[in-house]
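Numbering (this note's numbering), first residue to last: 7 to 254. Have a look at the structure below before the remarks.
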């Protein structure tokens, strides 16, 4: 039977989501915990791949098991077994063909900035020393909306069929001690959000203009976009799926 597991993690200690031979990853830790508690080898397939140091407030993965008797008990035991920086919220019984990655309709990310030096936010956000024009940054963010070729924001030499993404929402807002960038799209390219934020920060600090952003997107050239901001400020916040793949 196919199950989705919903969980979150603080990515500071991990070399990203996907298993690697010589580095600790979230997938490795989750698979090990499931395998020990369920007494057989469990393989999980994630909704996407987050890079080293990136966090997830909401992440999904699927796995197969003959039958889980007592989902709530398994969630409890998993949380007791997992390290403090990974937490399981729920486990769902799915249609047999449900796929955590390919069935996702859209994903949302947030990037957190702080403009005051704060030791309590050091590992959870990116500190920006210079004043930011968030109004101008929002004007630049509007240029991202819709379906476009975003090769300019993609990590080089990434094996994908195309670089088109449909961005539904992209907006900056002030929230408590943070300045937060929220973005939702049907798909994201590798390193895309961090490159977008770096580009918009150049606008916010006066290093570039709206016309420059337009030219960057049109160029499809990663070297013309802004630098990638640090991973520690990036959070996967939501993954949405069609209701039809969930079993009642």
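Even glycine gets a Cβ: it sits at the ideal position worked out from N, Cα and C.
First and last residue of the uninterrupted alpha helix (DSSP H) at residue i
i, result
"residue 111", "Per DSSP, residue 111 belongs to no alpha helix (DSSP H) and is neither H nor E."
"residue 184", "Taken as a continuous stretch (DSSP letters only), residue 184 belongs to no alpha helix (DSSP H), being part of the beta strand (DSSP E) at 184-191."
"residue 140", "140-147"
"residue 84", "77-87"
"residue 220", "216-225"
"residue 203", "198-210"
"residue 36", "32-44"
Candidates the options: closest to residue i by CA position
i, options, result
"residue 244", "14, 135, 132 and 27", "14"
"residue 87", "37, 117 and 204", "37"
"residue 148", "137, 106, 189 and 114", "189"
"residue 145", "129, 175 and 18", "175"
"residue 168", "155, 140 and 179", "155"
"residue 153", "223, 27 and 110", "223"
"residue 204", "171, 180, 170 and 160", "160"
"residue 143", "252, 253, 42 and 213", "213"
"residue 200", "246, 141, 116 and 125", "116"
"residue 179", "118, 104, 231 and 46", "118"
"residue 113", "132, 55 and 128", "55"
"residue 93", "106, 39 and 126", "39"
"residue 42", "124, 18, 27 and 85", "85"
"residue 89", "235, 19, 131 and 129", "19"
Beta-carbon separation (whole angstroms), residue i vs residue j, contact threshold 8 Å
i, j, result
"residue 158", "residue 228", "6 Å"
"residue 16", "residue 61", "5 Å"
"residue 185", "residue 150", "Rounded, the Cβ-Cβ distance is 17 Å, inconsistent with contact."
"residue 183", "residue 120", "6 Å"
"residue 53", "residue 21", "Contact flag wrong, Cβ pair sits at about 18 Å."
"residue 102", "residue 248", "The Cβ separation is near 15 Å, so there is no contact."
Own chain partners of residue i with C-beta closer than 8 Å, once the 5 adjacent residues on each side are dropped
i, result
"residue 136", "211"
"residue 215", "209"
"residue 9", "68, 69, 70, 71, 74, 97, 98, 99 and 100"
"residue 25", "31, 33, 34 and 37"
"residue 51", "67, 68, 69, 105, 106 and 107"
"residue 131", "118, 119, 120, 184, 238 and 239"
"residue 171", "153, 154, 156, 191, 192, 193, 194, 195 and 198"
Contacts around residue i, its chain only, beta-carbon distance under 6 Å, and the 5 residues preceding and following it disregarded
i, result
"residue 12", "66, 95 and 96"
"residue 173", "150, 151 and 191"
"residue 138", "210"
"residue 104", "8 and 251"
"residue 140", "178"
"residue 127", "120"
"residue 235", "132, 200, 203 and 204"
For residue i, the first and last residue of its enclosing beta strand (DSSP E)
i, result
"residue 96", "92-99"
"residue 61", "61-70"
"residue 181", "170-181"
"residue 13", "8-15"
"residue 154", "152-155"
"residue 245", "240-246"
Cut-off 7 Å between Cβ atoms - residues of its own chain near residue i, not counting five sequence neighbours on either side
i, result
"residue 226", "155, 157 and 158"
"residue 253", "99, 100 and 101"
"residue 29", "21"
"residue 232", "201, 204, 205, 207 and 208"
"residue 6", "Summary: the structure shown does not reach residue 6, with the chain confined to residues 7 through 254, and so no result is reported for it."
"residue 230", "158 and 222"
"residue 47", "41"
(message) I'd like to know if the stretch 77-92 and the stretch 202-221 are in contact, where contact means that at least 3 CB-CB pairs between them fall below 8 Å.
(response) no
(request) Report yes or no: do the stretch 160-173 and the stretch 193-213 share at least 3 C-beta pairs separated by less than 8 Å? (result) yes
(message) Pairs of beta-carbons, one from the stretch 229-244 and one from the stretch 47-66, closer than 8 Å: are there three or more?
(response) Put simply, the stretch 229-244 touches the stretch 47-66. At least three CB pairs are less than 8 Å apart.
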